[in-house]
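Novice: This structure is in structure tokens; I'll ask about it shortly.
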Amino acid sequence: MAILHYQPSQRPNFSLLYQDDDILVCDKASGLLTVPGKALEHRDSLQSRIQRVFPSATIVHRLDMATSGILIMALNKPAHVHLSRQFELRQTSKRYYARVFGHLEKSEGKIDLPLICDWPNRPKQMVDQERGKPSQTYYKTVSKGQYSSLVELTPITGRSHQLRVHMLAIGHPILGDRLYAHEQALAKSPRLCLHAQMHRFKHPISGEEMCFESEHSFTAEP
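If you count by my numbering, then the sequence shown holds residues 90 to 311, one letter each, in order.
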């Protein structure tokens, strides 16, 4: 599935929350690719914009184009290797906030549904009990609106589109999700209401535990 009408704002579309000689911590806006796409019109990205100022910066993990929030970059190879290892071993922790359609039956719980690429419809993912990779997400309702709920999401695994597909699978797609939301949920918001609000990890060189937070904008219904 191609990216339709990719026209990210020419404003910075990100802010730097932290920088030192080894890492950058960015706060990415919705609508900007994390890394360049293959097509010429998709070359603009957070990575390419950051590298204009920090040429050695490399992406350690990604956020979907439509997702906003905290993203970590490495400024040298040792930092990249160490951070990548933390992600591989699930030694980092993340918290997201999302506004989803409807009201959840249980105020909190765990979603444990294996995911696999929906190949004919890529980049979409889908639940597949036989071939899917293990995928777990904890959820908790924070507040309820007239037609939606604000939820806190804590992914245990880090599969592509995990939070989006998991919420869809339990009947509550994220508002504004152009890939997975039904017509009603899509119409409620001009953007995907998903934000990477907190990220905790260890500094790749000093070993110091670091935690960064970024405010979401989903307190009120769109």
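Built from N, CA and C at the ideal position, the CB exists for glycine as well. Please read these numbers as outputs of a predicted model, since none were measured by experiment.
Where does MET90 sit, in a helix, a strand or coil, going by DSSP?
Specialist: Low local confidence applies: a pLDDT of 44 at MET90 is under 50, so the model's placement there is unreliable, with the coordinate-based value given in what follows. Reduced to three states, the DSSP call for MET90 is coil.
Novice: Cα-Cα, which of ILE205, SER278, ASP217 and TYR227 is closest to LYS195?
Specialist: Per the Cα distances, TYR227.
Novice: Which same chain residues, not among the five before or five after GLY265, have their C-beta less than 6 Å away from its C-beta?
Specialist: These residues qualify, in order along the chain: SER278, ARG280, LEU281 and CYS282.
Novice: CB-CB under 7 Å to ILE148, same chain, minus the five flanking residues each way: which ones, in chain order?
Specialist: So the qualifying residues of the chain are THR123, VAL124, GLN136 and MET162.
Novice: Taking only the alpha-carbon atoms, compute the straight-line gap between GLY191 and ARG248 and give it to the nearest angstrom.
Specialist: Cα to Cα, the separation comes out at about 24 Å.
Novice: Evaluate ALA146 with the Cβ neighbour count: other Cβ atoms within 10 Å of its Cβ, from every protein chain shown; 16 or more gives buried, anything less gives exposed.
Specialist: By the neighbour-count rule (16 or more Cβ atoms within 10 Å), ALA146 is buried.
Novice: Per DSSP, which residues does PHE103 bridge with? Please list them.
Specialist: PHE103 pairs with LYS117.
Novice: So what's GLN251 in DSSP terms, helix, strand or just coil?
Specialist: Here GLN251 sits in helix by DSSP.
Novice: When you measure from the CB of MET162 to every non-hydrogen atom of the ligand ZN, does any distance come out below 7 Å?
Specialist: No copy of the ligand ZN appears in this structure; indeed no ligand is present at all.
Novice: Going by beta carbon distance, what residues of the same chain come within less than 7 Å of GLN218, once the five residues before and after it are set aside?
Specialist: For GLN218, where only same-chain residues beyond five positions count, the Cβ hits under 7 Å are PRO203.
Novice: Quick check on the DSSP output: what are the complete alpha helix (DSSP H) runs of length 4 or more inside the region 212-287, in order along the chain?
Specialist: Fully enclosed alpha helix (DSSP H) runs of 4 or longer: 251-258 and 272-276.
Novice: Cutting at 6 Å between CB atoms, please list the residues of its own chain near ILE205, excluding the five before and the five after it.
Specialist: If we look at ILE205 and ignore the five residues flanking it on each side, its Cβ neighbours are ASP217, ARG220 and GLY221.
Novice: Between ARG174 and SER119, what straight-line distance do the alpha-carbon atoms span, to the nearest angstrom?
Specialist: Using only the alpha carbons, I get a separation of about 27 Å.
Novice: What would DSSP say about PHE143, mapped onto helix, strand or coil?
Specialist: The answer is coil: DSSP assigns PHE143 none of H, G, I, E or B.
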